[in-house]
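Under our numbering, the first residue of the sequence shown carries the number 10, and numbering increases by one thereafter.
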Amino acid sequence: MERRRSSRVQFGRGYTARIMAIDGTWQRDCRIGDVSDTGAKLKVRGAISNIKTEEFFLLLSLTGNAFRRCERIWVNGSEVGVRFLKEIPSEIRPHVPSDRRRQNLSRTGRHA
């Protein structure tokens, strides 16, 4: 039975994005499988069982200028269903390392 209130847009191969903890302690690459006005289905790269995913940012750009705050609704392996949260307190903005910092971290083997 379909319980979604909004129609979804499907991405054939997915749309590349990134999820990040509200406090910035972890980040993971992901692909957006489908999206609506109220939520999305994400396929996350890497383990998610060992991180806190109740609320997080979905980063749609490398600079962090385009993002949505999300609430996890369900998890099935590497797939995560999320609901977009409308209110984002002004003091909570995702801080994304610059491309230069990200490149330096990847060269040293550390994760951004």
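Even glycine gets a Cβ: it sits at the ideal position worked out from N, Cα and C.
Quantities reported herein were computed from a predicted structural model and do not represent experimental measurements.
Our contact map puts Phe93 next to Arg77 with C-beta atoms below 8 Å; I'd like the distance itself, whole angstroms only. 5 Å
Quick one: what does DSSP say Thr72 is sitting in, helix, strand or coil? coil
Hey, would you say Gly90 sits closer than 9 Å to Trp83, going by beta carbons? yes
In whole angstroms, what is the alpha-carbon distance linking Ile57 and Glu63? 11 Å
For Val44, which option in Tyr24, Asp32, Met29, Trp35 has the closest C-alpha, if you only look at C-alpha atoms? Tyr24
Suppose contacts are defined by Cβ-Cβ distances below 9 Å. Is Ile28 in contact with Leu71 by that definition? no
Return the first residue and the last residue of the beta strand (DSSP E) that Lys52 is part of. 48-53
Distance, Cα to Cα, Phe66 vs Gln36? 9 Å
Suppose the cutoff is 6 Å on Cβ atoms and the five residues either side in sequence are ignored; what does the same chain contact list for Ala49 look like? Ile41, Val91
Buried versus exposed call for Ala26 [16 or more other C-beta atoms within 10 Å across all chains shown]: buried
Which whole-angstrom value is the C-beta distance of Arg54 and Cys39, which I expect to be below 8 Å? 6 Å
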